[in-house]
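The next block holds one structure in the form of structure tokens; read it before the comments.
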Amino acid sequence: MPTVYSKLWQPIAAAYGLQALAGCVFVPLQSEKYFDLIGATGHILSAGISLLGTSIYQHIDAGLPLVEYRPPSLQSFAPRQLAITVAFSFWAARLAVFLFGRIRKTGKDSRFEEIRVNPKRFFRLWLIQGTWIMLSGFPVWLTNALSPNATPLWTTSDTAILSFALLSLGVEILADAQKSEWRRQKEQGEHNEKFITRGLWSISRHPNYVAEVLFHASIFALSCRSLVTPGVPQSAVLLSSISPVFSYGILRYLSGVPFLEKAGNKKWGDDPAWKRYTSTTPVFWPWARIYA
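The opening residue of the sequence shown carries number 1 in this note's numbering; numbering runs sequentially from there.
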């Protein structure tokens, strides 16, 4: 098996191990309070393991105590490995802070009302979250699995791709901030709007999801700068491409958009303002037709 694949067991073990452990703790408690936080932590942990896992394994294999482990210097990694790991981890950390802050305020997540009382189903959901971490993390993990010496040099193309990734992340943060501010203003009686139609939400009904998909597409593109290299199997690029495809599929057609659109139609389906908003604002891509 190619070396680029032989190192994937480390972040995979970290991703599923953390979620399984969390499931053992929170399934009996019937609590989803830390679900998103631990999911985001899994992204960061597995990304870090993909970068440092080999040196950690070598340290332990040498019979040395784990507490004495010191990570290699940053100079021992390729710039693209550091950039993709930091960007991905920052995305996950920001998401963790945002989602945990939201559930701390609301006290519950309506997605889990029927799931949390079913132990088997709830535990399975924790493992599914491990799969989400794995599929989303493939571009980072595969990039970090390469030897730094075998990684192509950083160029202006990498700078452009990373800039677009950060721009996409900025748009996601702005969309979430606009909705949070809208909610704050509503709670303080500054408006009585039933749903947000301002800012980025005026050009897409789910601009935060659009930005997240573009972010993962950028991370995939950055990984291709390393994976499209002599000696790396072409299948590595295909495996890396799962990340943006999966992100788009799950947000657009499974757990994201369909859930929120169904809830919106249930609440405001007969409201003329809702009908006007949904008939004039694209559900996803701002540049696409209304149904796209």
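Backbone N, C-alpha and C fix where the C-beta goes; we use that ideal spot for every residue, glycine too.
Remember, it's a predicted structure, so these values are computed and weren't measured experimentally.
Between Pro-258 and Ser-204, the gap from beta carbon to beta carbon reaches 7 Å or more. Exclusion of the five residues before and after Tyr-248 leaves Val-213 as the residues of its chain whose Cβ lies within less than 7 Å of its Cβ. Taking the Cβ atoms as the reference, Leu-162 lies roughly 35 Å from Ala-263, outside the contact range of under 8 Å. Comparing alpha carbon positions, the residue from Pro-119, Ile-128 and Asn-144 closest to Leu-82 is Asn-144.
Your pair Lys-33 and Ile-103 checks out as a contact, with CB atoms roughly 6 Å apart and the cut at 8 Å. Comparing alpha carbon positions, the residue from Thr-151, Ile-56, Phe-195 and Tyr-253 closest to Val-228 is Thr-151. Taking the CA atoms as reference points, Thr-85 sits about 22 Å from Leu-174. Nearest in C-alpha terms to Gly-39, of all of Thr-54, Gln-30, Leu-21 and Leu-51, is Leu-21. It is roughly 46 Å from the alpha-carbon of Thr-54 to the alpha-carbon of Arg-184.
In the structure shown, Arg-116 falls within a coil segment according to DSSP collapsed to helix, strand and coil. In this structure, Gln-30 and Val-117 form a Cβ contact; the two beta carbons are roughly 6 Å apart against a cut-off of 8 Å.
Rounded to whole angstroms, the separation of the alpha carbons of Ile-128 and Val-27 is 14 Å. DSSP places Ala-165 in the helix class (H, G or I) of the three-state scheme. Pairing Val-283 with Tyr-277, the inter-Cα distance amounts to about 10 Å. The residues Ser-243, Pro-244 and Ser-247, in chain order, have a CB closer than 6 Å to that of His-216 in the same chain once the five nearest residues on each side in sequence are set aside. Going by beta carbons, Phe-122 and Ile-133 fall outside the 7 Å limit.
Look at Arg-198 here: in three-state DSSP terms it is coil, with no helix or strand label. Beyond the five residues adjoining it in sequence on each side, Phe-100 comes within less than 7 Å, by CB distance, of Asp-36 and Leu-37 in the same chain, given in chain order. Put simply, of Arg-94, Leu-222 and Glu-193 the residue whose alpha carbon is nearest the alpha carbon of Val-140 is Leu-222. Residue state for Leu-37 is assigned as helix, using DSSP reduced to three classes. Spanning the alpha carbons of Phe-164 and Leu-64 requires a straight line of approximately 42 Å.
Beyond the five residues adjoining it in sequence on each side, Ser-218 comes within less than 7 Å, by CB distance, of Ile-161, Phe-164, Ala-165 and Ser-168 in the same chain, given in chain order. In this structure, the CA atom of Ser-202 is about 32 Å from the CA atom of Ser-157.
It is roughly 14 Å from the alpha-carbon of Gly-17 to the alpha-carbon of Leu-125.
As the crow flies, the alpha-carbon of Leu-135 is around 34 Å from that of Ser-279.
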